[in-house]
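One structure is given below, encoded as structure tokens.
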Amino acid sequence: MTPTTSLLSPTIRIGSRKSELALVQTYWVQQQLQKHFPHISFEVEKLSTQGDKILDVALSKIGDKALFTKELEIAMLNREVDFAVHSLKDLPTRLPEGLVLAAVTERENPADALVVHEKYKDRQIDTLPAGTVIGTSSLRRLAQLRHKFPHLTFKDVRGNLNTRLAKLDNGEYDALILAVAGLKRLGMDKRIHQVLPPEISLHAVGQGALGIECRSDDKKILSLLKNIEDVPTRICVTAERAFLRDLEGGCQVPIGVNSHLDKETLTLTGFVASVDGKRMLKDSVTGSSKNPDLLGLQLADNLRNMGAQEILSEIYQTHR
Ligand SMILES: NCc1[nH]cc(CCC(=O)O)c1CC(=O)O
Numbered sequence: 001m002t003p004t005t006s007l008l009s010p011t012i013r014i015g016s017r018k019s020e021l022a023l024v025q026t027y028w029v030q031q032q033l034q035k036h037f038p039h040i041s042f043e044v045e046k047l048s049t050q051g052d053k054i055l056d057v058a059l060s061k062i063g064d065k066a067l068f069t070k071e072l073e074i075a076m077l078n079r080e081v082d083f084a085v086h087s088l089k090d091l092p093t094r095l096p097e098g099l100v101l102a103a104v105t106e107r108e109n110p111a112d113a114l115v116v117h118e119k120y121k122d123r124q125i126d127t128l129p130a131g132t133v134i135g136t137s138s139l140r141r142l143a144q145l146r147h148k149f150p151h152l153t154f155k156d157v158r159g160n161l162n163t164r165l166a167k168l169d170n171g172e173y174d175a176l177i178l179a180v181a182g183l184k185r186l187g188m189d190k191r192i193h194q195v196l197p198p199e200i201s202l203h204a205v206g207q208g209a210l211g212i213e214c215r216s217d218d219k220k221i222l223s224l225l226k227n228i229e230d231v232p233t234r235i236c237v238t239a240e241r242a243f244l245r246d247l248e249g250g251c252q253v254p255i256g257v258n259s260h261l262d263k264e265t266l267t268l269t270g271f272v273a274s275v276d277g278k279r280m281l282k283d284s285v286t287g288s289s290k291n292p293d294l295l296g297l298q299l300a301d302n303l304r305n306m307g308a309q310e311i312l313s314e315i316y317q318t319h320r
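Residues in the sequence shown are numbered from 1 upward in steps of one, following the UniProt record's numbering.
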């Protein structure tokens, strides 16, 4: 593609959250675009979202799913920024009128990682002693780990990655479950003690991928962003997001996925669980990668037929 640029082309403004991880991700996107379009100038506008401000409330108790994205979306609709870079897993499956998921970049390892306090450096997730205090703020991680390891103790943890790791090191927690992707992007690979396999932890929808959102009528930005789209990642996350969109209701729910693309064949695995981890419904579907939405909907249907709706309705009643 030939860069559409001239001396008169205005600076393109990229919206980002202010957190260290968000900025690393946004600067990476800026750099990729800069390689494709050396004559365009890109600048990063740092905005604070509700999720960056409310740090003392459990994420599962804050109803708003657009916690980490709303302020950026308002800025796009107000034409204060041209597009926004998100961790795709923080981007709601339904976007506001006038905005689209313009590009999805190549996914980092989407798995969850176990990070341990020094005193457990010789243990793995399945050899941690009873009562070990695990920090997580995700109902998905909580339900899956309670299901497999009911003898462990779980405690909510909030704050950015550095804050969480400090709370681990000072003994407030014995271990944390964090995304491999976030740790890697911040250069903290060394803190990854164990990458949890899908049999233990299915990841969040979109985990490990970046989602870039822009105004649906902005043809110039849409075509610019297509240059950094990763097609295999787009196929996987399209199936994952269709699955979640079809099942989720008004609040955070214990839902996880795994997708595997082999040439033209996509396999999507997903679960819905009760928060206590006692009921766990899991299934897989396989089909053509040409219609990933369909696979997501099929998997949601299968889980509903297995009784997912009952679990979800209970969660909506008690967590509201
Ligand atoms: N909700 C927090 C969040 N949003 C995105 C990431 C990093 C991983 C990713 O890009 O999926 C994290 C941290 C975590 O889950 O440990």
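Each residue gets a CB set at the ideal place from its N, CA and C atoms; glycine is no exception.
When DSSP states are grouped into helix, strand and coil, M188 belongs to the coil group. Scanning its chain for C-beta atoms nearer than 6 Å, with the 5 sequence neighbours on each side dropped, one finds no residue around D126. Judged by DSSP secondary structure, A66 falls outside any beta strand (DSSP E); it is assigned neither H nor E. For K167, the enclosing alpha helix (DSSP H) has its first and last residue at L161 to D169. Per DSSP, the unbroken alpha helix (DSSP H) holding E310 starts and ends at A308 to T318.
The three-state reading of DSSP puts Q32 in helix, counting H, G and I together. In this structure, DSSP gives N305 a helical state, which the three-state scheme calls helix. The alpha-carbon of V253 is positioned some 20 Å away from that of T153. In this structure, the C-beta of L47 stays at least 7 Å away from each heavy atom of ligand 1. Within the same chain, A242 and D246 come within 6 Å of L297 by CB-CB distance, once the 5 residues on both sides are set aside. Judged by DSSP in its simplified three-state form, H147 adopts helix. In this structure, F271 sits near L202, with a CB-CB distance shorter than 8 Å. Under the three-state reduction of DSSP output, A204 falls in the coil class, being neither helix nor strand.
Scanning its chain for C-beta atoms nearer than 8 Å, with the 5 sequence neighbours on each side dropped, one finds around S48 the residues R17, K18 and E71, in chain order.
Boundaries of the beta strand (DSSP E) around I14: I12 to R17. For R234, the enclosing alpha helix (DSSP H) stretches over residues V231 to L247.
The straight-line gap separating the alpha-carbon atoms of D217 and E45 is approximately 21 Å. The C-beta separation of L178 from A113 comes to about 6 Å, placing the pair in contact by the 8 Å criterion. Beta bridge pairing from DSSP links N258 with T269.
Exclusion of the five residues before and after L139 leaves S60, Q252, V253, P254 and V275 as the residues of its chain whose Cβ lies within less than 7 Å of its Cβ.
Distance between H36 and T318, taken at the CA atoms: about 49 Å.
Under the criterion of beta carbons closer than 8 Å, E73 and P96 qualify as touching, at roughly 6 Å. Between E108 and G208, the beta carbon gap of about 4 Å places them in contact (Cβ cut-off 8 Å).
Only residues of its own chain outside the window of five on either side were considered, and among them L176, L178, R191 and H193 have a CB closer than 6 Å to the CB of V115, listed in chain order.
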